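Number of protein chains: 2
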Amino acid sequence: MAQYSTVLDGVLDGVFVALADPTRRAVLRRLGRGPASVGDLASEAPMTLPSFMKHVRVLESNGLIRTAKSGRVRTCELNRERFALVDDWLAEQRNSWADRTDRLERFVTTPQEKEKQ
Amino acid sequence: MAQYSTVLDGVLDGVFVALADPTRRAVLRRLGRGPASVGDLASEAPMTLPSFMKHVRVLESNGLIRTAKSGRVRTCELNRERFALVDDWLAEQRNSWADRTDRLERFVTTPQEKEKQ
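Chains A and B, in that order, give the protein sequences.
Reminder that position 73 of the first sequence reads as 73 in this note's numbering, one-by-one numbering, no gaps.
Reminder that position 69 of the second sequence reads as 1069 in this note's numbering, one-by-one numbering, no gaps.
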């Protein structure tokens, strides 16, 4: 079953963990429309600010968002490139399904082709 | 930030949790090439059978694989439809980014168009 615990595997683990929460997915969806302050984001979430900050940290530590502090305001911004890792992983799965379908087709059609000759 | 804890959110949480592990992703990759018995899958994983079975159960309970027992052999099969949920979620994010780019373009180009007239 190939390699375990490569660097990419570690990164993918973190990205999928970060995506496995409705609050964090809601933050990503909101940031897709443009940067926002932690205060504004938190005001829309049904939880305390410390609880919300934990979600922000999970998203930031796994590279899905970037944050920057100016004075007392911390602004969050989406890191779109990180989503490409998930795209790539999904594409890799679909390619292997396509390969299998191709092999099955060759297996099924080849004997029939021979009979025709 | 819209709805929290919808049914779809619960399903997506589980799917992303299931994907957040290199052993489980390796099983999905292997099953992309066709069904396989738990015994064969486990023989390629560097862990005990009980530990491996936990991963199989996480994949099955979150709908990414189906398993069926015939005699003493349990066979696993990929449930490709479940991957569409992740595709849809990613597409939804990208659509919101595209909407934002469109709005920015309209904002930037509209005053210039007026000047030309």
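Note that beta-carbon positions come from the ideal geometry of N, C-alpha and C, so glycine has one too.
None of the values given here were measured: they were computed from a predicted structure.
- Taking a C-beta cut-off of 8 Å against chain B, the contacting residues of the segment 95-109 of chain A are S96, W97, D99 and R100, listed in chain order.
- At least 8 Å separates the CB of G71/A from every CB of chain B.
- Contact with chain A is absent for L1049/B, since none of that chain's Cβ atoms lies less than 8 Å from the residue's Cβ.
- Not a single CB atom of chain A sits nearer than 8 Å to the CB of F1052/B.
- Assignment of beta-bridge partners to V1073/B by DSSP yields S1070/B.
- When only Cα atoms are considered, I65/A and A1018/B end up about 22 Å apart.
- Contacts with chain B (Cβ-Cβ distance below 8 Å) from the segment 16-43 of chain A involve F16, V17, L19, A20, D21, P22, T23, R25, A26, V27, L28, R29, R30, G32, R33, G34 and L41, listed in chain order.
- Only R1080 and F1083 from the segment 1059-1085 of chain B bring a Cβ to less than 7 Å from some Cβ of chain A.
- With respect to the 8 Å criterion, R100/A and R1033/B are classified as neighbours on the basis of their beta carbons.
- Annotation for L1049/B: A1042 place their beta carbon closer than 7 Å to its own, counting only its chain and skipping 5 residues before and after.
- For A1042/B, DSSP assigns no beta-bridge partner whatsoever.
- Think of a sphere of 7 Å around the beta carbon of D88/A: no beta carbon from chain B falls inside it, the nearest being about 11 Å out.
- In this structure, R74/A sits away from V27/A, with a CB-CB distance that is not shorter than 8 Å.
- If you look at D1021/B, you'll find it isn't in any alpha helix (DSSP H); DSSP assigns it neither H nor E.
- For M53/A, the enclosing alpha helix (DSSP H) begins and ends at L49 to S61.
- When rounded, the separation of the alpha-carbon atoms in R1094/B and R57/A is 23 Å.
- For L12/A, the three-state secondary structure derived from DSSP is helix.
- Collapsing the DSSP output to three states places L1064/B in coil.
- Rounded to the nearest angstrom, the Cβ distance from R24/A to L78/A is 12 Å, too far for a contact under 8 Å.
- Per the DSSP secondary-structure output, S1037/B pairs in a beta bridge with T1075/B.
- Leaving aside the five residues that flank T109/A on each side, none in its chain has a CB nearer than 8 Å to its CB.
- In the three-state DSSP reduction, R1080/B falls in the coil class, being neither helix nor strand.
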